[in-house]
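Participant:
In this note's numbering, the protein residues as written are 10 to 154.
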């Protein structure tokens with residue numbers, strides 16, 4: 010298992026304590042550097058941290074590595090992440106609507122073409138002599154007979 014797999018595998022959960030969050034941060038920092046680790050940690054903490062992680066020990070540790078784990082900041086980060094998720098979801102919903110509309114248009118066009126063809130085939134099957142007679146008289150007129 011490489012270090013990136015370990016980072017993903019050991020993301021703390023709602024039940025994780027402050028020590029697990031600190032260990033995970035250290036893995037992040039080792040794998041991605043302090044700046045990226047801080048960004049990833051804040052997002053994960055905002056969305057996953059339970060009461061067992063929201064301790065003075067973790068807040069004090071955070072200050073030493075440049076993490077501001079103030080609950081107001083975390084709530085803001087959580088709200089921003091939620092807004093981004095909603096925006097992305099809205100874009101995909103719009104694409105879905107466009108594809109549904111396109112599908113409907115394609116079905117209408119196909120039906121507009123197929124219905125007359127089936128009606129013509131039905132008339133041919135119903136009375137083939139009339140169709141053959143009409144076709145041969147039209148052929149004769151075009152040849153000047």
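Just so you know, even glycine gets a beta-carbon here, dropped at the ideal spot from N, CA and C.
1. Is the CB-CB distance between residue 49 and residue 30 below 8 angstroms?
2. Do you know offhand how far residue 135's Cα is from residue 117's?
3. Following the continuous alpha helix (DSSP H) through residue 28, name the residue where it begins and the one where it ends.
4. Short of 7 angstroms in beta carbon distance, which residues of its chain neighbour residue 24, apart from the five on each side in sequence? Order them along the chain.
5. Quick check on DSSP: helix, strand or coil for residue 118?
6. Smallest Cα separation from residue 28: which of 42, 70 and 56?
7. For residue 138, which three-state DSSP category applies?
8. Kindly indicate the opening and closing residues of the alpha helix (DSSP H) around residue 19.
9. Would you give the residue range spanned by the alpha helix (DSSP H) that residue 73 belongs to?
10. State buried or exposed for residue 19, treating a residue as buried only when at least 16 other CB atoms are found within 10 Å of its CB.
11. Which value, in whole angstroms, describes the spacing of the CA atoms of residue 32 and residue 38?
12. State buried or exposed for residue 76, treating a residue as buried only when at least 16 other CB atoms are found within 10 Å of its CB.
Facilitator: A quick look at the data gives this:
1. Residue 49 sits at position 40 when you count from the first residue of the chain shown. Residue 30 sits at position 21 when you count from the first residue of the chain shown. It is not a contact, given that the beta carbons lie outside the stated cut-off.
2. For the purposes of this step, residue 135 is taken as the residue at position 126 of the chain shown. For the purposes of this step, residue 117 is taken as the residue at position 108 of the chain shown. Residue 135 and residue 117 have their C-alpha atoms some 27 angstroms from each other.
3. Here residue 28 corresponds to residue number 19 of the chain shown, with the count starting at 1. Annotation for residue 28: the continuous alpha helix (DSSP H) segment containing it runs 27-41.
4. For this step, residue 24 is matched to residue 15 along the chain shown. Here the set comprises 59 and 61.
5. The count along the chain shown starts at 1 and reaches residue 118 at position 109. Looking at residue 118 - three-state DSSP - the assignment turns out to be helix.
6. As a first step, residue 28 is located in the chain shown; it is residue number 19 there, counting from the start. Of all alpha-carbon atoms in 42, 70 and 56, the one lying nearest the alpha-carbon of residue 28 is that of 70.
7. For this step, residue 138 is matched to residue 129 along the chain shown. Helix.
8. Here residue 19 corresponds to residue number 10 of the chain shown, with the count starting at 1. From DSSP, residue 19 is part of no alpha helix (DSSP H); its letter is neither H nor E.
9. As a working mapping, residue 73 is identified with position 64 in the chain shown. For residue 73, the enclosing alpha helix (DSSP H) begins and ends at 65-73.
10. Working through the chain shown from its first residue, we reach residue 19 at position 10. Looking at its Cβ environment, which holds fewer than 16 other Cβ atoms inside 10 Å, residue 19 is exposed.
11. Stepping through the chain shown from its first residue, residue 32 is reached at position 23. Stepping through the chain shown from its first residue, residue 38 is reached at position 29. Going from the Cα of residue 32 to the Cα of residue 38 covers about 10 angstroms.
12. Start at 1 with the first residue of the chain shown, and residue 76 comes out as number 67. Within 10 angstroms of the beta-carbon of residue 76 lie 16 or more other beta-carbons, which makes it buried.
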